[in-house]
Every structure is written in structure tokens, then in C-alpha cells.
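Undergrad: Residues 3 to 354 (this note's numbering) are what the sequence shown spells out, left to right.
Note that the Cβ used here is the ideal one computed from N, Cα and C, for glycine as well.
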Amino acid sequence: MSETNLPINIDLVKNLSPFNDLSDTHVKDILKHATLKSLASGKMLFKRGETSEHCYYLINGAVDLLNENFEITAISSGSSSSNNAALHALDNQQPHQYSAVTTSKSLILIVDKNHMDIVLTWDQAGNYLVTDLSQEDSIERDWMTCLLESNLFSQIPPANIQQLFCTFHQKNAAKGETIVTEGQQGDHFYVLEKGQANVIKQDNSGQQVIASLDTGDFFGEEALVGNTTRNASIVMTTNGSLMYLTKDDFKRLLQEPVQDFITLDELEKLQGASLPVVLVDVRLPSEYKFDKLDGSINIPLNRLRERLSALDSNSTYIVLCDGGRRRELGAYLLTEAGFTTKILNKTTNTTH
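1. Would you say the region 162 to 174 touches the region 230 to 237, given that touching needs at least three Cβ pairs under 8 Å?
2. Excluding five sequence neighbours on each side, which residues of the same chain lie with their C-beta closer than 6 Å to the C-beta of L131?
3. Would you call the region 245 to 255 and the region 282 to 296 in contact, with 3 or more CB pairs under 8 Å?
4. Taking the beta strand (DSSP E) that Y246 falls in, what are its first and last residues?
5. Going straight from the alpha carbon of L295 to that of I77, what length do you get?
6. DSSP three-state label for N304, please.
7. Where S152 and F191 are concerned, what is the direct C-alpha to C-alpha distance, given to the nearest angstrom?
8. Decide if E70 is buried, meaning its Cβ has at least 16 other Cβ atoms within 10 Å, or exposed.
9. The alpha helix (DSSP H) spanning E268 covers which residue range?
10. Kindly indicate which residue of T53, G80, D267 and G44 has the alpha-carbon position closest to the one of L60.
11. Give the secondary structure of Q204 by DSSP, where H, G and I count as helix, E and B as strand, and everything else as coil.
12. Please classify N7 as buried or exposed, where buried requires at least 16 other C-beta atoms within 10 Å of its C-beta.
13. Taking the straight line between their C-alpha atoms, what separation do you get for V15 and D31?
14. Distance check for M245 and H28, CA to CA, integer angstroms please.
15. Under three-state DSSP, which class holds Q96?
16. To the nearest angstrom, how far is it from the Cα of C323 to the Cα of V284?
17. Kindly indicate the opening and closing residues of the alpha helix (DSSP H) around E32.
18. Are V321 and T342 closer than 8 Å when you measure CB to CB?
19. Roughly how many whole angstroms lie between the Cα atoms of L313 and P97?
20. Can you tell me where the beta strand (DSSP E) holding A175 begins and where it ends?
21. When you compare only the Cα positions, how much space is there between T377 and I74?
22. Can you give me the C-alpha to C-alpha distance between N22 and D13, rounded to a whole angstrom?
23. Use the C-beta contact count for I212: other C-beta atoms within 10 angstroms, 16 or more gives buried, fewer gives exposed.
24. Bridge partners for C57 per DSSP, in chain order?
25. Grab me the residues of L269's own chain with a C-beta within less than 7 Å of its C-beta, minus the 5 sequence neighbours each way, in chain order.
26. Contact check, L247 vs L215 under 8 Å by CB: the rounded distance?
27. What's the gap between the Cα of T169 and the Cα of R232?
28. Can you grab the Cα-Cα spacing for the pair I10 / P20, in whole Å?
29. Identify every residue that forms a DSSP beta bridge with K196.
30. Suppose you measure from the CA of L335 to the CA of K49; what does that come to, to the nearest Å?
31. Alpha carbon to alpha carbon, how far is D267 from E258? Give it in angstroms, no decimals.
32. Taking all protein chains shown into account, do 16 or more other C-beta atoms lie within 10 angstroms of the C-beta of G297, making it buried, or fewer, making it exposed?
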């Protein structure tokens, strides 16, 4: 075969930059978003002028880099010198200044560039969290890593990362303790730092367990975004601990940074650029039929989660409604699921 995916051993990258400056926990986190490929000679990795979502590392073998004048820079594995190009990502510029072609059978590590940048930013901004680690610190890193891997967290501006983690408060919780109660007003955003919990809803036949939560799972955001009451209760099934943000801190650090408002004029420009754009009205069907916007589709807010799997990840979703709460919650849920999302302001008023 000319191309084969292989398992990744952490020892393969310990001498590579920037892996050699990271803790094993952070290296493993990055490698979860990486692929190791065995490639035959003559395989193109990337072309000059392209913008890539990945970093490419030469683990074993040889690669030629060709510039615009077809001048060749030959790179081979095996050297331990700190200035050896093989210890760094190949032409890690955007767009690429070189084309890269394997010149022998080679092992190439392909890393998600965006996720690596998030981990590096977090590692540098919160370096005090990963020095002289105790067992408790190790637990703390676990819940943080889970947040790093979430679609929502990946869209937070790097400048917010350090402030975000410094703002979390800790709360111990006992087995059987109710953390949030269905029907009550929301006031905190929670991350389960340690332990397990059940999600419980009340229906005509009594209380029903609809999901289980584990370390790193977060909850409580929907009531805060929509400024509504809790839609379920959370009850601890073991002793544990939680990290939480107040409502104001959540909105400032997690909600507002990922909200992108656009006007009708901006929407027309976006559509005129021939980009895949989907207008999503999150109102009830009866409201939608009454005064729908031409070209929009109706996905009521209470049906949005179950429809996520049918949506195209390559499209930009414009969320609209006649008020702020539902559209903002709809946009938040889409963003949390990893979709590119904007919120439509039908007026020129900047008040959201």
C-alpha cells in the first residue's frame, strides 16, 4: 500500500518542537487530533500557495521542499541537531511557501493545527497549573483537557483562556446532592471536575434518568444563554467536585466571545459570495409560517439538538427569531456542536 494509518506512540514526538516543551498530558491531547501515515516515495503532502488546517512532521524518511523557483530543500530524518528542519513542522506557514513531496518511504505525522494552537495557548497562559503537579493537579488537568476538546471551547479567543480558568470556582459535592433543580432559574455554569452525576427529568410517570455525566462534562449553559429555568435536574451519584462560573462570568467569557451578529446588508454580501449559507428560524412552526423570511428553514429550538446530525458542517448557519433569547440559545447550541454560526439582526440597531 502507498498510504497506511498507524498508531501513534508518544515517544515518536518527544524530540519534536513544540512537543518537547509540553507535558505528557498536553502531548497526548494533541495526538488525539493527529494521524500518523506511512507514505510511499513521490507523495505530495501540500502545495505552495495552499492554506492548510494541519501541521506536517517528518518522523522517518525524506521530503523535498520546492519553492517558486523550483529550488529544492532536502529534509531527512535522523539528525538530533536543534536546527534540523525535521524536528519542526514542515513549512509551517500560511499559505505554504513550498510544495512538499516525499522522496523515500516516509512516516508523516499530520496534526490538527487549530487544536495544537489552543493547547499551546492554554499551556503558556496557565503554566502555573502544570508545575510541581500533585495528584489533585492531575485531576484538575483532566477536566480542563475535556473543555479544550469541546467544540465550544475551541472558538474562544486565546486572550480569554487564562482569564477563564482563573475565574472558575470550586465546589465539593456529596453523593445524592442535587446540583441544579428542574424548573429553577439558572445562575451558574458547571463543569464536573471529579465524580459522576445523573441528568433527571420529571414527566407524568415520575422522575426519569435521561443521561449520565462524568469528569469533564459541563451543564447549565442553556438556562444562562436563554435566561430561562433549568430544563432538568442534576444529581450526584458519587462524591465529587465541580468547577463553576457565575452567570455574569459565563456570559462575559464563554457566551459573548462566540456570538457573531450580522445585519441584513452583511447577510446579502455573504450570500452574494456564493458561500453555502443556511438561514435557520428557531421559532415554533406556527410563528414561522406567519412571517417567515424568504429562503429560511424552520428548526424549532426544542428540536434543534435532534436535528444537528443532519446539518452540513460546511455551511454557515444564520440564526433568526423575533427576539434575542431563542436566537442566541439556538446559535449557542449550533456553535457548541461545532458549526459556523452567526445571529441575524434584522434592524440596524446594535442592541442585541
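TA: Result, derived from the coordinates:
1. Cβ pair count under 8 Å is below three, so no.
2. Residue placement at L131 is poorly supported in this model, since its pLDDT is 33, which falls under 50; the coordinates still yield a value, given next. Here the set comprises nothing.
3. Contact between the region 245 to 255 and the region 282 to 296 is not established, with fewer than three Cβ pairs separated by less than 8 Å.
4. It spans G242 to T248 - the beta strand (DSSP E) in which Y246 sits, taken as one unbroken run.
5. Answer to the nearest angstrom: the Cα atoms are 56 Å apart.
6. DSSP places N304 in the helix class (H, G or I) of the three-state scheme.
7. S152 and F191 have their C-alpha atoms spaced approximately 15 Å apart.
8. Counting Cβ neighbours within 10 Å, E70 comes out exposed, since fewer than 16 surround it.
9. L266 to G274 is the span of the alpha helix (DSSP H), which, as asked, contains E268.
10. For L60, the closest of T53, G80, D267 and G44 by C-alpha to C-alpha distance is G80.
11. When secondary structure is reduced to three states using DSSP, Q204 falls in the strand class.
12. Exposed: under 16 other Cβ atoms inside 10 Å.
13. Using only the alpha carbons, I get a separation of about 13 Å.
14. The alpha-carbon atoms of H28 and M245 are separated by roughly 20 Å.
15. Here Q96 sits in coil by DSSP.
16. About 6 Å.
17. The sequence given here places Ile at residue 32; Glu does not occur at that position. Per DSSP, the unbroken alpha helix (DSSP H) holding I32 starts and ends at D26 to L33.
18. Not a contact, by the Cβ cut-off of 8 Å.
19. Whole-angstrom Cα-Cα distance: 29 Å.
20. It spans H171 to A175 - the beta strand (DSSP E) in which A175 sits, taken as one unbroken run.
21. Summary: the structure shown does not reach residue 377, with the chain confined to residues 3 through 354, and so no result is reported for it.
22. Take the alpha-carbon of N22 and the one of D13: they are about 10 Å apart.
23. Exposed: under 16 other Cβ atoms inside 10 Å.
24. V113.
25. If we look at L269 and ignore the five residues flanking it on each side, its Cβ neighbours are I320 and L346.
26. Not really, about 17 Å apart at Cβ, beyond 8 Å.
27. In this structure, the CA atom of T169 is about 23 Å from the CA atom of R232.
28. Rounded to the nearest angstrom, the two C-alpha atoms are 17 Å apart.
29. Paired residue(s): S243.
30. L335 and K49: Cα-Cα distance of roughly 36 Å.
31. Near 22 Å, if we compare the C-alpha coordinates of D267 and E258.
32. Classification for G297: exposed.
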